[in-house]
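J.: First, the structure itself, so that you have it in front of you.
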């Protein structure tokens, strides 16, 4: 490269950098404060595309839209002085990338200057934005983040809230349900367990192994399968070849659907049949009709709770699809908590955070009071009973249904 | 003399960029972080792939190695040592991979590098599941966007300086010869394997460092997050847009494309992927040699084709 060409290249690029810098400074001055407000600006960046879009599209986005629709239909968010302000939504796609999620939240906080930011879908994304949210003083009501380290995160980011428990909660509750069933003679003390080699599956299985051992169960089959697995016939046949009465799978939706279909094909119907995420999805019931009866999974609802029933009806009506039986109602309830906190203390984010931490809220999931910024009053184990996925554990929780074991065979 | 002027200008631009975040808000700094990250990735990618014309899709393999190294070591080692470890691991992997695969050429190399990213991702997953029993690691380092930006900016300066130095050195000449015709280059007495290996390792080490520096921004990493193949594709398209054989080409591709992506995702979040796809097709059809080459081609009298733009004569 000759020197003149080189210099020209340098000059060109220097001027390009200069233009970029100008552009940036123009952007940083973009947003200005507005005093006479006509709306409450609420922003979120959720995975509308990419690997996480499936989960976000079932649990998170429909409930955000439903809530905004509900609030605005009522005239807007009620403020302490009795006035109402409609919600203005700013929606971004993080494209299932952490870096995008981080930058989208930076944009929401400093460019759009939104009043509140709703959390993204998934444990990793909630953690990625947590330091920013805490620094900018936004309360973060994380729902779709299952983590055993929530107490530590609350200490680190005091304005963060964790509403879906940890892997150990689900596993130990399952072990307790199984122990009770075994003592009643419904199942033997052997378990065949499989788990997906991904964050959530690993968390649950790591907690399940000691919990089952402590409850006196013997693990006769314990396999980890890769995320991409779609053919489970070998696994199911091996599990069937054992003498275990219980089959436990910590799986993701695609595996859950495949396991359910293929166990019917190979006619494997153990007395206790537990599947992972996805067994509470409406489509799971549509695909398997009455064969869902007796299948266990995470989550559940209290079928006699009228608020929850009203919520499910509204979800069906506005979104055009039924809500899932695990995190959907918690997502909607987290928004109701935010709504009620604003109603009590106004739009000051610090006051709202304080109110969320200490207040009591009437939501679609029942009355909610957080303990140390966490929701502990959850359904850890659920079971399909009579066409509804009901909560069965904790057994002493109000509205709990009794687990029905053994599960009926396939039709 | 004009080189000196160019250096002074570049140093002034660098200084300007270094103080820029002091006048920007968190979002502005976030933009600079993302932009500088891709400038380094695209420049490092072009350092090897530009002259040799070996299209590598392994960017995210090394990027992920860097990020994972930080995730594993950040709580046990001081940060500078963690970065050194990341360099060492990236370099080692690059040397092993380079030694065993740089004999591949053309489409075989492309497919191999794409597979490499997936292989490393699966290896990390397997190790985490079967040995450590956790998946997903936390990085609690006290860095804010501005600290990450300064590190990336320094790395960008080093990368461009290295590219400039290589393009003037015997090594750069050797690589261009390899890119034109590998067989002829070998017959002319060039140690083809050594030249390719050195550049591949250097480029991979820089990419590893980008991953290591950016990782603290995400707090939580798992294989699906850090081995996201989109990073490889974006790096490639940025370098191609600017022109992979020019010193400033990749940077000039990365900055406008990054800003365009940002503008698209802020204003058309629901159509981002569609617009992006159309844009990629346009680049490949209308600017196959990059913007810089296009501009130079427009200035040059018709009929004269610069040597870099000639099609490679099948040196597989």
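Protein chains in written order, with our numbering: chain A, 467 to 877; chain B, 104 to 419.
Backbone N, C-alpha and C define an ideal beta-carbon position, used for all residues, glycine too.
#1: For residue 613 (chain A) and residue 178 (chain B), I'd like the C-alpha separation in whole angstroms.
#2: Residue 589 (chain A) to residue 610 (chain A), Cα distance in whole Å?
#3: Give the DSSP-derived three-state secondary structure of residue 530 (chain A) in the structure shown.
#4: What is the DSSP secondary structure of residue 550 (chain A), counted as helix, strand or coil?
#5: Do we get a CB-CB distance below 9 Å when we pair residue 552 (chain A) with the residues of chain B?
#6: Looking at chain B, is there any beta carbon in it that lies within less than 9 Å of the beta carbon of residue 590 (chain A)?
#7: When the Cα atoms are used, what is the spatial distance from residue 298 (chain B) to residue 285 (chain B)?
#8: Any C-beta of chain B sitting closer than 9 Å to the C-beta of residue 604 (chain A)?
#9: Quick check on the DSSP output: the beta strand (DSSP E) that includes residue 577 (chain A) runs from which residue to which?
#10: Please report the straight-line C-alpha distance between residue 318 (chain B) and residue 596 (chain A), rounded to a whole angstrom.
#11: For residue 661 (chain A), which residues in the same chain have their Cβ closer than 6 Å to its Cβ, ignoring the five residues on either side in sequence?
#12: Measuring only the C-alpha atoms, how far is residue 741 (chain A) from residue 195 (chain B)?
#13: For residue 575 (chain A) versus residue 551 (chain A), is the C-beta spacing smaller than 9 Å?
#14: According to DSSP, simplified to helix, strand and coil, what is residue 723 (chain A)?
#15: For residue 45 (chain B), does the count of other Cβ atoms within 10 angstroms reach 16, so buried, or fall short, so exposed?
#16: Along the chain, where does the alpha helix (DSSP H) that runs through residue 862 (chain A) open and close?
#17: According to DSSP, is residue 508 (chain A) part of a helix, a strand, or is it coil?
#18: Counting only runs that start and end within the region 812-872 of chain A, where is the beta strand (DSSP E) found for 3 or more residues in a row?
#19: Using the Cα positions of residue 682 (chain A) and residue 802 (chain A), report the straight-line distance between them to the nearest angstrom.
#20: So which of B:291, B:381 and B:264 has the shortest CA-CA distance to residue 277 (chain B)?
#21: What residues from the region 363-380 of chain B come within 7 Å of chain A, judged by C-beta to C-beta, listed N to C?
#22: Strictly under 9 Å for the Cβ-Cβ distance: is residue 322 (chain B) near chain A by that measure?
#23: What are the boundary residues of the alpha helix (DSSP H) that includes residue 608 (chain A)?
#24: If distances are taken between C-alpha atoms only, which option among A:876, A:861 and A:877 comes closest to residue 641 (chain A)?
#25: Note down, in chain order, every chain A residue with its Cβ under 8 Å from the Cβ of residue 172 (chain B).
#26: Contact check, residue 368 (chain B) vs residue 361 (chain B) under 8 Å by CB: the rounded distance?
#27: Any idea if residue 353 (chain B) is buried or exposed, counting beta-carbon neighbours within 10 angstroms, 16 or more meaning buried?
#28: Where does the unbroken alpha helix (DSSP H) through residue 157 (chain B) begin, and where does it stop?
#29: Can you check which of these residues, B:324, B:161, B:228 and B:185, is closest to residue 562 (chain A) by C-alpha distance?
#30: What's the C-alpha gap between residue 572 (chain A) and residue 248 (chain B)?
#31: Counting only beta-carbon separations shorter than 9 Å, does residue 243 (chain B) have a partner in chain A?
#32: Relative to chain B, which residues along the region 567-588 of chain A have a C-beta separation below 7 Å, given in chain order?
#33: Could you list the residues in the region 717-735 of chain A with a C-beta less than 7 Å from some C-beta on chain B, going in chain order?
#34: Leaving aside the five residues before and after residue 794 (chain A) along the sequence, list all residues of the same chain whose C-beta is less than 8 Å from its C-beta, in chain order.
#35: Residues of chain A with CB closer than 8 Å to the CB of residue 223 (chain B), please, in chain order.
#36: By the 10 Å Cβ neighbour count, where 16 or more other Cβ atoms means buried, how is residue 358 (chain B) classified, buried or exposed?
T.: According to the structure shown:
#1: What you label residue 613 (chain A) is simply residue 147 of the first chain in a count that begins at 1. What you label residue 178 (chain B) is simply residue 75 of the second chain in a count that begins at 1. Answer to the nearest angstrom: the Cα atoms are 20 Å apart.
#2: What you label residue 589 (chain A) is simply residue 123 of the first chain in a count that begins at 1. What you label residue 610 (chain A) is simply residue 144 of the first chain in a count that begins at 1. If you take the alpha carbons of residue 589 (chain A) and residue 610 (chain A), they lie about 7 Å apart.
#3: Start at 1 with the first residue of the first chain, and residue 530 (chain A) comes out as number 64. Three-state DSSP puts residue 530 (chain A) in a helix.
#4: Locating residue 550 (chain A) in the first chain gives position 84, where the first residue counts as 1. If DSSP states are grouped into helix, strand and coil, residue 550 (chain A) belongs with the strands.
#5: If you number the first chain from 1, residue 552 (chain A) lands on position 86. Taking Cβ atoms only, chain B never reaches closer than 9 Å to residue 552 (chain A), which makes this a no.
#6: Numbered from 1 along the first chain, position 124 holds the residue referred to as residue 590 (chain A). At least one chain B Cβ lies under 9 Å of residue 590 (chain A).
#7: If you number the second chain from 1, residue 298 (chain B) lands on position 195. If you number the second chain from 1, residue 285 (chain B) lands on position 182. Their backbone Cα atoms lie some 11 Å apart in a straight line.
#8: Along the first chain, read from residue 1 onward, the residue named residue 604 (chain A) stands at position 138. Closer than 9 Å: no.
#9: Working through the first chain from its first residue, we reach residue 577 (chain A) at position 111. Counting along the chain, residue 577 (chain A) falls outside any beta strand (DSSP E), and DSSP gives it neither H nor E.
#10: Against the second chain, residue 318 (chain B) aligns to sequence position 215. Against the first chain, residue 596 (chain A) aligns to sequence position 130. Answer to the nearest angstrom: the Cα atoms are 15 Å apart.
#11: Counting from one through the first chain, the residue named residue 661 (chain A) turns up at place 195. These residues qualify, in order along the chain: 667, 671, 690 and 716.
#12: Sequence index remark: in the first chain, residue 741 (chain A) carries index 275 (1-based). Sequence index remark: in the second chain, residue 195 (chain B) carries index 92 (1-based). Distance between the alpha carbons of residue 741 (chain A) and residue 195 (chain B) is about 42 Å.
#13: Here residue 575 (chain A) is taken as the residue at index 109 of the first chain, counted from 1. Here residue 551 (chain A) is taken as the residue at index 85 of the first chain, counted from 1. Cβ distance not < 9 Å, so residue 575 (chain A) and residue 551 (chain A) don't count as in contact.
#14: The sequence position of residue 723 (chain A) within the first chain is 257, counting from 1. Here residue 723 (chain A) sits in helix by DSSP.
#15: With chain B represented from 104 up to 419, any question about residue 45 (chain B) goes unanswered, as that position is not in the structure.
#16: Taking the first chain and counting its residues from 1, the one referred to as residue 862 (chain A) is at position 396. Counting along the chain, residue 862 (chain A) falls outside any alpha helix (DSSP H), and DSSP gives it neither H nor E.
#17: Numbered from 1 along the first chain, position 42 holds the residue referred to as residue 508 (chain A). Residue state, collapsed to three classes: strand.
#18: 826-829, 832-835, 847-851 and 854-859
#19: For this step, residue 682 (chain A) is matched to residue 216 along the first chain. For this step, residue 802 (chain A) is matched to residue 336 along the first chain. Cα to Cα, the separation comes out at about 42 Å.
#20: Taking the second chain and counting its residues from 1, one reaches residue 277 (chain B) at position 174. The residue with the shortest Cα to Cα distance from residue 277 (chain B) is B:291.
#21: 368, 369, 372, 373, 375 and 376
#22: Here residue 322 (chain B) is taken as the residue at index 219 of the second chain, counted from 1. Yes, contact with chain A.
#23: As a position in the first chain, residue 608 (chain A) is number 142, starting the count at 1. Segment 606-608 is the beta strand (DSSP E) holding residue 608 (chain A); no alpha helix (DSSP H) there.
#24: Counting from 1 along the first chain, the entry for residue 641 (chain A) is found at position 175. For the residues A:876, A:861 and A:877, the minimum Cα distance to residue 641 (chain A) belongs to A:861.
#25: For this step, residue 172 (chain B) is matched to residue 69 along the second chain. Those do not exist, as residue 172 (chain B) stays about 17 Å from chain A at its closest Cβ, beyond 8 Å.
#26: Locating residue 368 (chain B) in the second chain gives position 265, where the first residue counts as 1. Locating residue 361 (chain B) in the second chain gives position 258, where the first residue counts as 1. Wrong, their Cβ atoms sit about 11 Å apart, outside the cutoff.
#27: Mapped onto the second chain, residue 353 (chain B) falls at position 250. Buried.
#28: By 1-based counting over the second chain, the position of residue 157 (chain B) is 54. Per DSSP, residue 157 (chain B) belongs to no alpha helix (DSSP H) and is neither H nor E.
#29: By one-based count along the first chain, residue 562 (chain A) stands at place 96. Measuring from the Cα of residue 562 (chain A), the nearest candidate turns out to be B:324.
#30: As a working note, residue 572 (chain A) is residue 106 in the first chain. As a working note, residue 248 (chain B) is residue 145 in the second chain. Whole-angstrom Cα-Cα distance: 10 Å.
#31: To locate residue 243 (chain B), count along the second chain from 1; it is residue 140. For residue 243 (chain B), the answer is yes, since a Cβ of chain A falls inside 9 Å of its Cβ.
#32: 568, 569, 572, 573, 575, 576 and 577
#33: none
#34: Numbered from its first residue, the first chain carries residue 794 (chain A) at position 328. Only 524, 525, 528, 529 and 781 meet the Cβ criterion.
#35: Residue numbering aside, residue 223 (chain B) sits at position 120 when the second chain is read from its first letter. Simply none; closest approach about 15 Å.
#36: Here residue 358 (chain B) is taken as the residue at index 255 of the second chain, counted from 1. With 16 or more Cβ atoms within 10 Å of its Cβ, residue 358 (chain B) is classed as buried.
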